[in-house]
Amino acid sequence: MSASRIAPDAKVMLKHGAGGRAMRELIQQVFVGDAKAPADGGIGLAAMDDGAALRVGDEWLVMTTDSYVVKPPFFPGGDIGRLAVSGTVNDLSMMGATEIAALTCAVIIEEGFPRADLERIKASISAACAEAGTAIVTGDTKVMGRGEIDGIVLNTAGVAFTRRVVPDCGLALGDQIIVTGTIGDHGLAVMALRHSLELEGELCSDVAPLNGLIRRALEAGGEGVVAMKDPTRGGLASTLHEMAGKSRVGIVLKASRIPVSPSVQATGELLGIDPMHAANEGKAVLGVRPDAAASVLAALRSHPLGRQAEIVGSCVAQRPGFVILDTGFGLRLLVEPEGELLPRIC
Amino acid sequence: MCLGVPGKVVSIDGLLATVDFFGIRRNVRLDIVDEPVEPGDYVMNHVGFAICRIPPAEVEETLALYEHLLAAMSKEDLLAADIRGEIGPAGEKKNE
Amino acid sequence: MSDIGGNRLQFRDPGRAAAMAEMLERLVREIGRDPVSVMHVCGSHEQAIARFGLRAIFPRQLEVIMGPGCPVCVTDMPEVDEAVALAEDGVRIATYGDMLRVPGTARSLADAQAAGARIDVVYSVTQAAQLAANLDEELVFFASGFETTAVATAALLLSGPPANFSILSAHKYIPPVMEIVAEMPQTRVEGFLAAGHAATITGCAIFERFVERHGIPVVVAGFEPLDILAGLAKLLELIRDRRAEVANMYPRCVRREGNLRAQEVLWKVFRPVGGRWRGIAHVPNGNLRLRDEWSHFDARRRFKIDVSRLWEFAPPSLAQSCICGNIMAGIASPSACTLFGKECVPDNPVGACMVSSEGTCRIWHQYGGQLDLRQS
Numbered sequence: 021m022s023a024s025r026i027a028p029d030a031k032v033m034l035k036h037g038a039g040g041r042a043m044r045e046l047i048q049q050v051f052v053g054d055a056k057a058p059a060d061g062g063i064g065l066a067a068m069d070d071g072a073a074l075r076v077g078d079e080w081l082v083m084t085t086d087s088y089v090v091k092p093p094f095f096p097g098g099d100i101g102r103l104a105v106s107g108t109v110n111d112l113s114m115m116g117a118t119e120i121a122a123l124t125c126a127v128i129i130e131e132g133f134p135r136a137d138l139e140r141i142k143a144s145i146s147a148a149c150a151e152a153g154t155a156i157v158t159g160d161t162k163v164m165g166r167g168e169i170d171g172i173v174l175n176t177a178g179v180a181f182t183r184r185v186v187p188d189c190g191l192a193l194g195d196q197i198i199v200t201g202t203i204g205d206h207g208l209a210v211m212a213l214r215h216s217l218e219l220e221g222e223l224c225s226d227v228a229p230l231n232g233l234i235r236r237a238l239e240a241g242g243e244g245v246v247a248m249k250d251p252t253r254g255g256l257a258s259t260l261h262e263m264a265g266k267s268r269v270g271i272v273l274k275a276s277r278i279p280v281s282p283s284v285q286a287t288g289e290l291l292g293i294d295p296m297h298a299a300n301e302g303k304a305v306l307g308v309r310p311d312a313a314a315s316v317l318a319a320l321r322s323h324p325l326g327r328q329a330e331i332v333g334s335c336v337a338q339r340p341g342f343v344i345l346d347t348g349f350g351l352r353l354l355v356e357p358e359g360e361l362l363p364r365i366c
Numbered sequence: 003m004c005l006g007v008p009g010k011v012v013s014i015d016g017l018l019a020t021v022d023f024f025g026i027r028r029n030v031r032l033d034i035v036d037e038p039v040e041p042g043d044y045v046m047n048h049v050g051f052a053i054c055r056i057p058p059a060e061v062e063e064t065l066a067l068y069e070h071l072l073a074a075m076s077k078e079d080l081l082a083a084d085i086r087g088e089i090g091p092a093g094e095k096k097n098e
Numbered sequence: 009m010s011d012i013g014g015n016r017l018q019f020r021d022p023g024r025a026a027a028m029a030e031m032l033e034r035l036v037r038e039i040g041r042d043p044v045s046v047m048h049v050c051g052s053h054e055q056a057i058a059r060f061g062l063r064a065i066f067p068r069q070l071e072v073i074m075g076p077g078c079p080v081c082v083t084d085m086p087e088v089d090e091a092v093a094l095a096e097d098g099v100r101i102a103t104y105g106d107m108l109r110v111p112g113t114a115r116s117l118a119d120a121q122a123a124g125a126r127i128d129v130v131y132s133v134t135q136a137a138q139l140a141a142n143l144d145e146e147l148v149f150f151a152s153g154f155e156t157t158a159v160a161t162a163a164l165l166l167s168g169p170p171a172n173f174s175i176l177s178a179h180k181y182i183p184p185v186m187e188i189v190a191e192m193p194q195t196r197v198e199g200f201l202a203a204g205h206a207a208t209i210t211g212c213a214i215f216e217r218f219v220e221r222h223g224i225p226v227v228v229a230g231f232e233p234l235d236i237l238a239g240l241a242k243l244l245e246l247i248r249d250r251r252a253e254v255a256n257m258y259p260r261c262v263r264r265e266g267n268l269r270a271q272e273v274l275w276k277v278f279r280p281v282g283g284r285w286r287g288i289a290h291v292p293n294g295n296l297r298l299r300d301e302w303s304h305f306d307a308r309r310r311f312k313i314d315v316s317r318l319w320e321f322a323p324p325s326l327a328q329s330c331i332c333g334n335i336m337a338g339i340a341s342p343s344a345c346t347l348f349g350k351e352c353v354p355d356n357p358v359g360a361c362m363v364s365s366e367g368t369c370r371i372w373h374q375y376g377g378q379l380d381l382r383q384s
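Chains as they are written, first to last, in this note's numbering: chain A, 21 to 366; chain B, 3 to 98; chain C, 9 to 384.
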C-alpha cells in the first residue's frame, strides 16, 4: 500500500477524482473512515460499491447518487444530461437493481449559461429516462455567479428495488469475466475534444443506460452472475483491480479478446493512451460462474447494447488483487491509470 | 521516448498533410521531412510533425530481413526449425 | 502489397515473436554469460516492451536495462521549478501531457494548476502556437522531449509564431548520455538498443564514434514487438561475435546520415549545453537551449523567473542521495536506496526511476519488488 503520510497542507488534486488508486484512498481516508455496514446485512458506504442496499421487507432498496461535470457538456454520442441519467441508472443496475423506480436531478448553472443549451440538456435527460423506463420525480436548480463553477453541474440520485443484490466483490476462482462491448470509447472521445486534438474519425461516446441489457444478463444467468461493475473513470483497468482486490482473486485477461473499436485503437496509439485506462459510460464488467458464462454471453449479445460482448478473462488463485494481461506475446501486469488521461509524447 | 505512429497521407495543402492513422485523421506538418511526400505515401508522425517518409519497399524489406534472420537460425538449429513448423507460415496463435 | 496498415500486423505476429524469443534464448546460451546486460535508451522501447509483455518471453539470462530514455523523467527539478514559478506568477503555460505531473523541488505543474495556475495540455507545439494566436496575453510553451521533439519546436519557431509566444526549453539530446552510462564504473552494459525515432533525425552514423570509443555495439531498433525482438537478436549476435558495430534494424525510418533537413532545422534554433539530468549526472551537451538569435522567443530572456521561493522548504539536496543513475546502470537495485519508499514515493518522486510509470523504482514500489511473470 502506498504511504499514507498526510501533510497538514495537503490539497485535493485532480488525480483524486480520476477514478484510480488516489481517489479510492481519498474516499477511504476522508469519507469512509470507520463507517459501519448497515445492520441488516445490506451494503453501505464502507463497501465502496456502486451504491447502497438497504433491506425493506423481503426486498432490497438500492440507492445511489453521482455528480457530473464534463468539459465540454456536449460531445459526440451524448451530453451531460444523457451522462447524468445513464451514470445513475448504471450504478443501480450494477447492484442488480434494473427496475429503476425514480431518479432525482439537481442542476447547478453558471450565470450566463445559454438557455438553449439548458433546454437541449433537459431534452436529453428526458430521452435517456425514457430509454431506461424511469423518470425524474424531483429536482433542484441553483445559479452561481460567473466563474464560481464551470458551466453546468448535474447531480442525479436514483432508487430501485431488487430481490437479489449483486456486489462488486463476489468473484471466486474460475469465474469468467465478461465485458459487454468495446472499451475506451467515452474517455477517448471526450479527451480528444477537451484538448482540441482535432482528430477526425468515428470517436464517439458510448454513454447509455444499461438496465435493459443487465436485466437480460440476470434473467439468463440468475445466481450465476456474481459480481458487476461499470468501468467508468479509470477504465477497465481500475475496475478490474477493484474487483480483484475486493474479491481477493487474481484476474488473467486475454488481450486479443478485449473488444476495442478501430477508432479507439488508433487514437490510443496516436496519443499513447491505453484504451483500458479510458472511461466507459455504457459498458459493464460481469463476473459469472463458469457454467453460466455461455448463456449470459448469449443473452448480452441478443441486446443492441451488448452485441460485442466478450468473455475476456477468468479468475485465478495466484496474485490476488492483481490483474495480469496475456498479450499474446507474454504476460504482463496491468497497471492502474494515475490521474486524468493526457495525450503523451513519449 | 518519442512516440511515433505511422499514417497514410490522404491529401496535402502546402506544408500541411491530412494523414489517416488507421481510421483516425489528423493534420500533420511536413516542414521537416527531407523527401517529397505525396498522397498515398506513409509518414512517421511525432507530435504532429512527419519526421520521415516510410518507403513501402523498406517495410517489405524489413519483414524479409526478419524472415531471413529466422530462416538463418532454423538452418543452423533444428530446434528453431521445429518451432517454426509448429507455428506455421501464417503464424496462427498457438495459445488460443 | 505495399499497404503498411496490413503489414503492421505482421510486426505484431505472436508466432514470429515466439520464434524470435527462441532465437534470443539460443544466443544468450552461446554467449554463455549470466546475465548478459543490454540497455535501451528509449522510454518508448520500455513502453512497447511493457505493453506487449515482452519481458515475459526474454531469456532468463538476458537483462534488458531501462536507461535514461525518458526525456520527461530526466528533466531536472530546477527546470520544472522554472515552469512552476512562471505559472504561479500568472503566466499561462502550455505543455505536453507527460510533463504535467513531473515534480519540481516543491511542486509539479499539476500542483500549480490545482492552486489556480492556468496550464493547457497540448499534443503539438503547433497547437500551443495556435492557442497563443487567439490570446491577448503571453503564452509560454514548456518544451520537453529529445531531439525528435525538439525538431518540432525548432520548425515552429522557423515558421514565425505569434509575438506573445515563447519557449521554455527543457529539451534533451540523447547521444551524450550514452557516453555517461558507458563510462560509469562497474557498468555491466554490453550493448545498447538505440532509439529509432531519435535516430530518424540524427542518423545512425552518429553512433559510430561511440562504438569505436567504447567497443560496445549499438543497434537502432523500431517499436513494434518484432522490431524490438529483432533488434535484441542482432545486438546479442554482435555481442556473441565480439563485433563492436552499429547496426540499423529500423531501415524503414532510419538512414545512416539521418534526416538532414531536420538536423539543419534543429541546429539552426538550438545549441547543446551541459546540464543535470534528474537522478543521473551532469550531462555535457545533454540539454538543448535556444540560440542567441532566437532569444526573443526564449522565455528565460523574456521573463524574470524567480525559482528561489520554491526552494525555501525543500532543499534540492534530497536529489543528491538519489541513486537512479546506478539503478539505470544496472549496478544497484531500488532497495539499496535510502530514499526509496520513504522520501521517494510515486506520489512524491525524487528520481527519474520513480517518476516514470515504467520506471524500475515505481514498479518495485507498486508491486513489492521485481515481479517475474516468465512462465517456466
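The beta-carbon is built from N, C-alpha and C at its ideal position, and this holds for glycine as well. Please read these numbers as outputs of a predicted model, since none were measured by experiment.
Mind checking whether C/V80 and A/C335 have CB atoms under 8 Å apart? no
Are the region 151 to 171 of chain A and the region 207 to 219 of chain A touching by the rule of at least three beta carbon pairs closer than 8 Å? no
By Cβ distance below 6 Å, which residues in the same chain neighbour A/I129 in space, the five residues on each side in sequence not counted? V163, I172
Is there a Cβ of chain C sitting closer than 8 Å to that of A/T161, yes or no? A/T161 does not count as touching chain C.
Test: C/I188 CB closer than 8 Å to a CB of chain A: No, C/I188 lies away from the interface with chain A (no Cβ there is under 8 Å from its Cβ).
Is any beta-carbon of chain B found at less than 8 Å from that of A/R214? no
Interface residues of chain B around C/Q18 at Cβ under 7 Å? L65
Strictly under 8 Å for the Cβ-Cβ distance: is B/C4 near chain A by that measure? Residue-level contact by beta carbon holds for B/C4 and chain A, with a gap shorter than 8 Å.
If you drop the 5 nearest sequence neighbours on each side, which residues of the same chain put their C-beta closer than 8 Å to that of C/H373? P342, F348, G349, V353, P354, M362
Go ahead and label C/N356 buried or exposed: buried means 16 or more other beta carbons lie within 10 angstroms of its beta carbon, across all protein chains shown. exposed
Where do the ends of the alpha helix (DSSP H) carrying C/S45 lie? That residue, C/S45, is in no alpha helix (DSSP H); its beta strand (DSSP E) goes 44 to 48.
With 16 as the cutoff for other CB atoms within 10 Å, does C/L5 come out buried or exposed? Since the first residue of chain C shown is 9 and the last is 384, residue 5 of chain C is not available in this structure.
Once the 5 residues before and after A/H261 are set aside, which same chain residues still bring their CB inside 7 Å of it? V343, E356
Proximity test, Cβ basis, 8 Å: B/V7 and chain A: yes
Of all the options B/D43, B/C4, B/D36, B/R27, which has the alpha carbon lying nearest to the alpha carbon of B/P58? Nearest option by C-alpha distance: B/D43.
Top-ranked residue by Cα proximity to A/A337, from A/A264, A/E139, A/A286: Distance from the Cα of A/A337 is smallest, within the candidate group A/A264, A/E139, A/A286, for A/A264.
Roughly how many angstroms lie between the CA atoms of C/N267 and C/E155, to the nearest whole one? 12 Å
With H, G and I counted as helix, E and B as strand and the rest as coil, what does DSSP make of C/H290? It is a strand residue.
So is A/S322 in contact with chain B if we call contact Cβ pairs under 8 Å? no
So, is C/P76 buried or exposed, given that buried needs 16 or more other C-beta atoms within 10 angstroms? buried
Using a Cβ cut-off of 8 Å (strictly closer), state whether B/G16 contacts chain A. No - not a single Cβ of chain A is within 8 Å of the one on B/G16.
Contact set between C/S167 and chain B, taken where Cβ atoms lie within less than 7 Å: Within 7 Å Cβ-Cβ: D33.
Secondary structure at C/A27, three-state DSSP: helix, strand or coil? helix
Report yes if the CB atom of C/L318 is closer than 8 Å to the CB atom of C/D89, and no otherwise. yes
A/A30, enclosing beta strand (DSSP E) - first and last residue: First-last for A/A30: undefined, no H or E at that position.
State the CB to CB distance for the pair C/P86 and C/T103, rounded to an integer number of angstroms; the pair is presumed to be in contact (CB under 8 Å). That pair is no contact at about 16 Å.
Exposed or buried, C/N256, counting other C-beta atoms within 10 Å across all chains shown (16 or more means buried)? buried
Run down chain A in chain order and give the residues with a C-beta less than 7 Å from the C-beta of B/I56. Ordered by position in chain A, no residue passes the 7 Å Cβ test against B/I56, which lies about 15 Å from the chain.
Residue environment, B/N47, which counts as buried when at least 16 other CB atoms sit within 10 Å: buried
Nearest-angstrom Cα distance between C/R260 and A/D99? 43 Å
Within 10 Å of its beta-carbon, does C/H179 have 16 or more other beta-carbons around it, so buried, or fewer, so exposed? buried
So, at 6 Å on beta carbons, what are the nonlocal neighbours of A/A240 in its own chain, with the 5 sequence-adjacent residues on each side left out? S315, V316, A319.
Would you check if the region 66 to 84 of chain A and the region 281 to 301 of chain A touch, i.e. whether three or more CB-CB distances between them fall below 8 Å? no
Are any of the Cβ atoms in chain B nearer than 8 Å to that of C/T368? Answer no: the Cβ-Cβ gap between C/T368 and chain B never drops below 8 Å.
Can you find a C-beta in chain C that's less than 8 Å from the C-beta of A/L351? yes
Option in C/L237, C/S167, C/E191 with minimal Cα separation from C/G23: Looking from the CA of C/G23, the closest CA among C/L237, C/S167, C/E191 belongs to C/L237.
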